[in-house]
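Inspection log for the structure reproduced underneath, given as structure tokens.
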Amino acid sequence: MRIDRLDLVRFGHFTCKPINWPRTPRDFHLVVGRNEAGKSTVQAAILELLFGIERETSYGFLHPKAELCIGAVLSHDERVLELRRVRKPRSLYGAKGEPLPEDALATFLGGATRDVFRLVFGLDHERLVSGGRQILAAKNDVGKTLLQSSGNITHLRDLQQALDQEADGLWAKRRSSEREYYKAQIVLEEAEAELKRTTVKAGVWLERSEQVCELERQLAEANARFDERERERIRLERVRRVAPFLRAQAEASLALQANRDVVLLPPDAGRKLEQATAAMARAAVLRDSADRYLAEARGERAKVTLDRLTLAEAPRILALEAARQQTARHPSDIAKLEAKITTLWVTVHNLTRQLGWPDGDAVALRARLPPLPLRRTLQDLLKKQGATGEACAAAAGAVAAKQREIAENQVELAQQATVEISAELKAALDALVKLGDCEAAARREAGKVSKAQRVLCGEQSKLGIWQLPVARLQTLALPPGDLVIGLRAQVERLQVELRAATERRGELARELAAATLGIEQYRRSHHPVTRDDLGAARARRDLTWQEIRHGRVLLAQAAPEFERQVKEADDKADQRHAGAQEAAELQAKLDQLEQARLKLADAETRLDHLRAELAAPEGAWQAEAGKLGFPALPLSHYEEWRGARASVLKAAEALEQAQADAAQLAEAVTVAGGAVLRALDAVGHALARETCPAVLLQEAQGLVDAAVKGQARRDELIRQVANGRRALVELVDKADQADLAKAAWGNAWSEATRLAGLAGLDAAAVDGALTLFTQIEEGLAAIGDPEGRIKSMRRDLEDLERQAMELALTMGPDGDGFEGRSALELSMALTTRLTTARDQEREAKRLDDEIRRQREEVKAAAAKIEEERALLTPLLEAAGTTEIETLRLAITRSDLSRALTEQASQAKAAAERAGDGLTLTELEAEAAGVELARLPERLSAVKRDQDELRDRVQTLSASLSHAQTELGHITGGDDAASAATRRQGALARMAEATERYLEVRTAERLLGWAIERYREQIQEPLLARASEIFAGLTLASFARLTVDADADPPKLTGIRPGPERKAVDAEHMSDGTRDQLFLALRLAALELQIAKGHPLPFIADDLFVNFDDERARAGLQALARLSEQTQVIFLTHHQHLLPLANETFGAGVSVTIL
Amino acid sequence: MKFLHTADIHLDSPLAGLAGYGDAPTDLLRSATREAFSGLVGRAIEDGVAFMIIAGDLYDGEWKDFNTGLFFVKEMARLAKAGIPVFLAFGNHDAQSDVTRRLLLPGNVRVFGKKRPETFRLPELQVALHGQSYGQAAVEDNLVVHYPDPVPGWLNIGVLHTALEGYESHKSYAPCTVGHLVARGYQFWALGHVHEYCLPSRQPPIVFPGNLQGRHVRETGPRGAVLITAEGGEIVGIERVFTDVVRWHMLEVAVDTARNRDEVVFLVGRQLAELVERQADGRPLAVRVKLVGRTLAHGELFLGGRDQLRAEVTSQAAALGSGKVWIEKVVVGTSPALRPADFGARQDAISDLARLLDQAPRDPELKHSLLDDLQVLAGKVPGELLDLVPHLRAIRDGDVSALLEAVKPGLLARLVGEG
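Going down the list, the sequences are from chains A and B.
Okay, so the first sequence: first residue is 5 according to the numbering used here, each after it adds one.
Okay, so the second sequence: first residue is 620 according to the numbering used here, each after it adds one.
Below you can see the structure in the form of structure tokens.
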């Protein structure tokens, strides 16, 4: 299909703009236009004509979007179609306006979509550059490079890598908790283990239920028998307990009978007697002492008299003293203030005399001072005087300076000379400059070579002790990858298991320690009595009994110890029975301890087994390492070593490249230096041929710089003269304005001095007078304040004198020496008299209080003696006596009789308390029925029976507890259901991971396979045609393109012409050459595509922006070949391509100027 | 008089398919079947029903945990305390269950005999219940023909665990037809075995109540028992009682209009919101989202990060409110916007690539290489995964053609940048 004519009816900024592209043998059409002339609009118009105007088109800025319209005449084979496209749902119309079906262009487009047309049949400079970058990004992957260069497939490498990474994250042979499948598998395994652990089978439940029932029955029976023996033991124990109390009660009753005529006094009679006699003695001593103190106080009180008049006038005396203290400093302060006023007046009169005024009082002086507004006006005029004068002088100075500057610049301009530099010198200098600092560049290249050597050495050092020469490393046959992976997997698996087993051993050791500690803590906290403890206590008891029985020790001596041992054995037996549960738990813990020990031993065995197993793969690896020549290379270091080997080979390659670059630079410097020498010689600045490039560059650059600087200076001077003349006119205007301002100030000054009485004075004198006015005003204000303060203090002194005289008159008749004394002296004398009167008053009061207290003490002591005597009266009457000593004897006899009664009563009560609720009669009857001598023997027999029963109960309790615990675990809980749910969840996740892995891995493989097939099937013809185009585009700088099949993976390279056939891969090409490589690949792919199918116009937009003229010509020639197969429309804003196009396509080439 | 009819309780049968991701409602799933059953017992007590009928399959046949049986006994004890008798006919799962054989049931539970049909009478209600339990898992005889004649003047109820004719999705145990049941002359047939609620006959009523709780995505929609009302020896009312605590739903979302994944997720979110509004009935939903349609986003959905797609859909579900919806799985069932013929007609390298990919399933080298990798995985997976991932069986059999064909369109769509 081709476009015979494009009509831009209403599109972009075009209106009714036809562009004709008539068919020619070479169907090439050049569209030239400056920037914004509409090239992009033409390109967009073609796209929207063929595939419809987009809803959001940006070309509706002049014409409304709804009215956009593009027309064309298209031809394909023998068919010609004239149409118009508008932006409506029904968008195609014929030449006469008749509607066309929307698929009317299908046969013309041959199935191409908008994207395909834009990406395959359109190419602009931006995509040319990005295509070059893709080649670089694809690096050595030829298949991807070719695919990407063939059309609209991008990011192949990223996609394949992403798929590979996703697949690897889902599943791989090696188990890893980072992979989704294995994450779920771990959960599955845990859930299955949990399910197995928590599932309770029916048989287990039945078995446990029956076991619990049987143990409960046996335990009940044993407890019943134990209770029966316990009752017997209690009866015998009671008899043994009660017998001594019964005997004591009988003895006390007999003694009471003998003392039946004693008068019984209250139990506390003795205590009362002793307390009363002691209290009476203490009261007599207190009474005598108080009598003595009372007499002394009365004598002292009689000596004290009171000054009642002074005490009555106390408030007035105190007020007078306060007033005296406040006015004490007034006389001295008055004198100081008067001296200060005198000094101030002297200062003021000095100031007035400077103004020529006579001395006067404050009122007269204030009347002569000028008003304040007038003084402020004069001050303002004084400030402006200086500025007005300075402005006039500055304006005149600026005019003169500008006139001098203009004259100096004209003189310098007349003295400047001109220098010319040839074009050859400039060109040669540019070439040398482009090479930069040649010596530094040479040093850099040498540095790169050196660095590459160092890198190589460094990489070689990473090989460690397992080193070989580079050539040997290149040819070294490495062990098969599968074998290494297999061995590593085996070793890693075993190491993981070894670590797990070690951790397991550690856990078990900790469990063992915890179990041991738990038993110790349990023993400490519960004190369980074991069978051995009980047995030991009984053995001690029996041994003592044997000693007594055989007469080896006396009963009286051994009895206490024997009784203690009997009690100890009984207590332990009781504790053992009561703590049967604790003992059972202790036994369970001991069993767990034994199990933990067994598990630990198993873990140790497992650890040894794994260590032995690990030796096998390590031996196999040693054999492989020996083949490499490195028998000591550990398997774990092999991958690192293999990586280091690859790095060494890469570093060796880099060194080789650096050396080639250094040689190339040296050659370029020699050529450029020769050209500069010749150019300098031509301008008469000959230098020796041996001159180094830096000096050459300096000389040539100096010559050129001097010429450039001279011209720049001349231009600058001309500009400065012109600017100076314009500035001079403005400065003269400013000087005139300054003179006018100065005259106005003089008029205002004359008027103000006249009003102030200062007419005729100059500015300095007026300024002085203003200062004097201010100082006089301040002096008058300072005199007024101290005069007022003196008046106030004199009034205070007069008031104090009056008060003192009045008080002296009041105190006169009783006082001495008040007459003729000052107010101050009167106040001090009265204050002293008041103090003395108050001291006497306080002493009299203290003595009165003391007399009163001593009287009360005497009275209280007498009362106490009478009270104690009255307390003893009932006892004396009960004993039938009035003597205290007789009473004391009767109390002693009464207390003895009461003790005997108490003893009998206590014995009876003790017997009843120890008798388990039996009455005394019942206890006596029970004791009478037991032969006390055989009591210990009978008790021992009963306790032996109990011990046996206790052991049985304990054993049964432990078994029952264990069985109940086991059965208690089966409560209808949902642990197993929970585990099953988790298991289902894990299976679902595994299924998702598996399904996804299958898809992603398959897609990744499929993509890789397709790329490889593409390379195999399409590479040869594509490469052959691309080689031809590339050679042409680079002006035979490259002979052809080739694929280095020996490289792994294969890589695309350009081959230089000549016998050396040097290969340059895309990575090492310049940016421009890489763009030409991509253009060659694109054009070749396009030609092949067109040959296979349906040709469409190729739209190229400014592809040669970075091409020089020669390569641009070569580019046009490449397009000429394409234009023999399909229509080529070339858009450009470079006018200079026109002659090149005429040269390539002939004078009749189709050209459209926008 | 009212009574409850339930069947196919499958206590503690795990809910399958809800992958164990962090957002899965573990606690709810774990106890779902128990909660459903407890809810039913509570309803029976609350409504004061006269009795309850269980028409088989208390537990999964292979389920071994006796705790499940104890839980059932506790629930029966609740009914006993409320004075409600239970009539139980064992089904095929019960027959193979060790728990059933060993469990001692409370006195209010009466189990129909295994060797021949048995009749329980409730004279005070004038009700006779006729039923037979399975003695073995696979009962292939028609049991109905031996059921006794009805008690005249009483309400006669038949209890049977049967596939009934026409329900091929369930194993054909105790086969019979509606005609056989009607011919017995009973006023009501309480059946079990079919997990979907259905009413094969209205006169007399023959009812499958369905199971109490859906256990996977094939058991979607409301689940529960039926509450029957009888008056004067006749059935006058059948009311469904919903007991499911989690409701399954399959949500197909047509994403033809979506141009990328974001738009797909938006469409899913919108339909999830509608679903919650329409279907949830206040219960949490477990939803499988299936994306269908011919869409530009196919390549991105098929070969873009699937985890991210799932996460984004889950976020949409979470946005509807805490605990309302859980995503069981997101299934990409879309196809590319471009058809195979469209790829071939393109005038670019894609047409070459499409042609090459067409040849791929016939390339023995590719298939061999792919099988080498995939068969390792297929050989390691647990057997249950073979049912969950259909491609695995083919891979085990050495065939990856179907897998290649399935992946090819997605890869092509991804390559041309659809989405």
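Idealized CB from N, CA, C, for every residue including glycine.
- Here the alpha carbon of Ala-636 of chain A sits roughly 25 angstroms from the alpha carbon of His-613 of chain A.
- Comparing alpha carbon positions, the residue from B:Thr-914, B:Ala-1021, B:Asn-830 closest to His-814 of chain B is B:Asn-830.
- The Cβ atoms of Phe-1149 of chain A and Arg-30 of chain A sit closer than 8 angstroms to each other.
- In the three-state DSSP reduction, Gly-688 of chain B falls in the helix class (H, G or I).
- Going by DSSP, Ser-79 of chain A is part of the beta strand (DSSP E) stretching over 73 to 80.
- Close partners of Tyr-1001 of chain A in chain B (Cβ separation under 8 angstroms): Leu-996.
- Put simply, the backbone Cα of Arg-646 of chain A is about 27 angstroms away from that of Leu-502 of chain A.
- Note on Asp-1105 of chain A: 16 or more other CB atoms within 10 angstroms of its CB, so buried under the neighbour-count rule.
- When the Cα atoms are used, Ala-505 of chain A and Val-495 of chain A turn out to be separated by approximately 15 angstroms.
- For Met-671 of chain B, the uninterrupted beta strand (DSSP E) run begins and ends at 670 to 673, by DSSP.
- No Cβ of chain A is located within less than 8 angstroms of the beta carbon of Arg-907 of chain B.
- For Trp-209 of chain A, the enclosing alpha helix (DSSP H) covers residues 206 to 262.
- With a threshold of 16 other beta carbon atoms within 10 Å, Ala-228 of chain A falls short and is exposed.
- DSSP, reduced to helix, strand and coil, places His-624 of chain B within a strand of the structure shown.
- Around the beta-carbon of Leu-559 of chain A, fewer than 16 other beta-carbon atoms lie within 10 Å, marking it exposed.
- Neighbourhood of Ser-982 of chain A in chain B, by CB distance below 7 angstroms: Arg-649, in chain order.
- Membership of Glu-896 of chain B in the alpha helix (DSSP H) is indicated by the continuous run 880 to 898.
- When DSSP states are grouped into helix, strand and coil, Leu-96 of chain A belongs to the strand group.
- In the DSSP assignment, Phe-15 of chain A falls outside any alpha helix (DSSP H) and within the unbroken beta strand (DSSP E) covering 6 to 15.
- Residues are counted here when their Cβ sits less than 8 angstroms from a Cβ of chain A; for the stretch 990 to 1017 of chain B these are Asp-992, Leu-993, Val-995, Leu-996, Val-1000, Pro-1001, Glu-1003, Leu-1004, Leu-1007, Val-1008, His-1010, Leu-1011, Ile-1014, given in chain order.
- Scanning its chain for C-beta atoms nearer than 6 angstroms, with the 5 sequence neighbours on each side dropped, one finds around Gln-751 of chain B the residues Phe-731, Pro-736, Leu-762, in chain order.
- About 6 angstroms separates the CB atoms of Tyr-526 of chain A and Lys-593 of chain A; that is less than 8 angstroms, so the two are in contact.
- Take Thr-885 of chain A, set aside five residues on each side of it, and the residues of its chain with a beta-carbon closer than 8 angstroms to its own are Leu-891, Ala-894, in chain order.
- Separation of Leu-894 of chain B and Gln-832 of chain B (C-alpha to C-alpha, rounded to the nearest whole angstrom) is 19 angstroms.
- Of the other Cβ atoms in all chains shown, 16 or more fall within 10 Å of the Cβ of Ala-981 of chain A; this residue is therefore buried.
- Cys-442 of chain A sits in a helix when the DSSP states are folded into three classes.
- Per DSSP, Trp-645 of chain A is one residue of the alpha helix (DSSP H) stretching across 639 to 686.
- For the pair of segments examined, the stretch 941 to 950 of chain A was found not to touch the stretch 661 to 668 of chain B: the number of CB pairs separated by less than 8 angstroms stays below three.
- For Phe-690 of chain B, the nearest beta carbon of chain A is closer than 8 angstroms to its own beta carbon.
- Looking at the backbone, the Cα of Arg-907 of chain B and that of Val-836 of chain B are separated by about 7 angstroms.
- Per DSSP, the beta bridge partners of Leu-1045 of chain A are A:Gly-1058.
- Assigned with DSSP and collapsed to three states, Val-934 of chain A falls in coil, not helix or strand.
- With distances taken between CA atoms, His-531 of chain A lies nearest to A:Ala-587 out of A:Gly-522, A:Glu-511, A:Ala-587, A:Arg-553.
- Taking a cut-off of 8 angstroms on C-beta distances, the stretch 1116 to 1125 of chain A does not touch the stretch 801 to 820 of chain B, as fewer than three cross pairs fall below it.
- In this structure, DSSP gives His-1137 of chain A a state outside helix and strand, which the three-state scheme calls coil.
- The residues Ser-1020, Leu-1023, Glu-1024, in chain order, have a CB closer than 7 angstroms to that of Pro-980 of chain B in the same chain once the five nearest residues on each side in sequence are set aside.
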